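Student:
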Amino acid sequence: MKVVELVRKVDMIIWDEAPMMHRRAFETVDRTLRDLMQLDDAQVTEKIFGGKTMVLGGGFRQILPVVPKGGREDIISFSLPRSHLWQHVTILHLHMNMRVMAPNSEEQRKFAKWVLNVGDNNLPAIAKEEGVDID
Amino acid sequence: MTCCKCDDPVVTLSEDALKDCALYEIDQYFIRNKHCLEDFPTLPKFNYVPPVHGGNRLVQEELAYDQHSLTTNANDAEDRFNDDQCNTYKTILNVMTNKYGKLFFVYGSGGIGKTFVWTTLLSRLQGQGKIVLTVASLGIASLLFLGDKIAHSRFKIPIYLHNELTCNITQ
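For the protein sequence lines, the chains are X and R, in the order given. Heads up: the first sequence is residues 1 to 135, going by the numbering used here. Heads up: the second sequence is residues 1001 to 1171, going by the numbering used here.
(1) In the DSSP assignment, find the alpha helix (DSSP H) that holds Tyr1107(R) and state where it starts and stops.
(2) Taking just the CA atoms, how far does Val1117(R) sit from Leu94(X)?
(3) Drop a sphere of 10 angstroms on the beta-carbon of Gln1074(R), count the other beta-carbons inside from all chains shown, and report buried for 16 or more, exposed for fewer.
(4) Taking 8 Å as the threshold, find out whether the segment 1101 to 1118 of chain R comes into contact with the segment 90 to 108 of chain X through three or more Cβ pairs.
(5) Closer than 9 Å, Cβ to Cβ, to anything on chain X: give me those residues from the segment 1064 to 1087 of chain R, in chain order.
(6) Of all Cβ atoms in chain X, is any one closer than 8 Å to the Cβ of Ile1112(R)?
(7) Which runs of the alpha helix (DSSP H) at least 4 residues long sit entirely within the segment 96 to 133 of chain X? Give them in chain order.
(8) Given that a residue counts as buried once 16 or more other Cβ atoms are within 10 Å of its Cβ, and exposed if not, what is Leu85(X)?
(9) Give a yes or no on whether 8 Å exceeds the smallest Cβ distance from Trp114(X) to chain R.
(10) If we ignore side chains and look at the alpha-carbon of each, how far apart do Asp135(X) and Pro124(X) end up?
(11) Have a look at Val29(X) and Gly58(X) and give me their C-alpha separation to the nearest angstrom.
(12) Let me check understanding here. Comparing Cα to Cα, which of Thr1119(R), Lys1156(R) and Tyr1065(R) lies closest to Gln1128(R)?
(13) Would you say Asp11(X) faces chain R, with C-beta separation under 8 Å as the test?
(14) If you compare alpha carbons, which of Asn121(X), Glu17(X), Val7(X) and Leu56(X) is closest to His88(X)?
(15) Quick one: grab the DSSP three-state call for Met12(X).
(16) Is it buried or exposed for Trp15(X), if we count other Cβ within 10 angstroms and need 16 for buried?
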């Protein structure tokens, strides 16, 4: 009862680290919000997230949803961009890395570059052998 | 007196406010029995206006922020935005003021200042008395904002998901 009132009164929802969530979690919240908001306005079932402003955030170079015993195809098919909601999304890009702009952040800069390279698949994948660490 | 709903540790009330609150509750019992507190001149009077949200603690918590200091925070933070952050922030705020719902995805890798944009959005909107919920997909990210929760807990999303589910929020 209490959560219903709160959810109906909400003006905006910010959802951090969204790409690591199963797409069905968003679809579930979407259905729930449409269902709850139609108490005020019957037309609202047509609108995504019941007409609420939803701000998702995160980076796709990070962890994707965990699918137990799932292969590459399963993981991709359950990630957020494969959801029917994704066609309604407005993507806002942030480019400038503020963490490496700070003075004396040489280490940070190296690390940020390395992480980007891992994400872009520019670094060779090396299988870990017993007792030998990955470079 | 035990019927008073004010024993919540989050909501702090002064002695007098607590007394008013309790008297209001007693009055409600009288009203249910076709009387009111004023019918009994020996009983104390109260100055209590019940909150508009029907005493919903969750809604009250979300509206209990210090609007003045939040607005000051937002003003400070807006000055420190870079161009990207400023555009993102303005686009989202614009949708909020025009009151049409929209789905945004803010794309950026670590250290790019997403959280900074969000704390500013939060301060600005909560400073205007709007309700903004912040949720995160994992525990560590949920520690970044005040009042943040994990999405599963806030919306009661079921653990095992299939196509036709809705959240366990009952009306």
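Ideal Cβ placement from N, Cα and C applies to all residues, glycine included. Keep in mind it's a predicted model, so treat the numbers as computed, not measured.
Tutor: Once the coordinates are examined:
(1) First-last for Tyr1107(R): Leu1103 to Tyr1107, but that is the beta strand (DSSP E), not the alpha helix (DSSP H).
(2) 10 Å
(3) A small correction: the amino acid at residue 1074(R) is Ala; Gln does not occupy that position in the sequence shown. Answer is buried; the Cβ neighbour count reaches 16.
(4) yes
(5) Asn1082, Asp1083, Asp1084, Gln1085 and Asn1087
(6) yes
(7) 106 to 119
(8) buried
(9) no
(10) Because the pLDDT of Asp135(X) is 49, which lies under 50, any placement of that residue in the model is unreliable, and the number read from its coordinates should be weighed accordingly. Distance between the alpha carbons of Asp135(X) and Pro124(X): 10 Å.
(11) 18 Å
(12) Tyr1065(R)
(13) yes
(14) Leu56(X)
(15) It is a strand residue.
(16) buried
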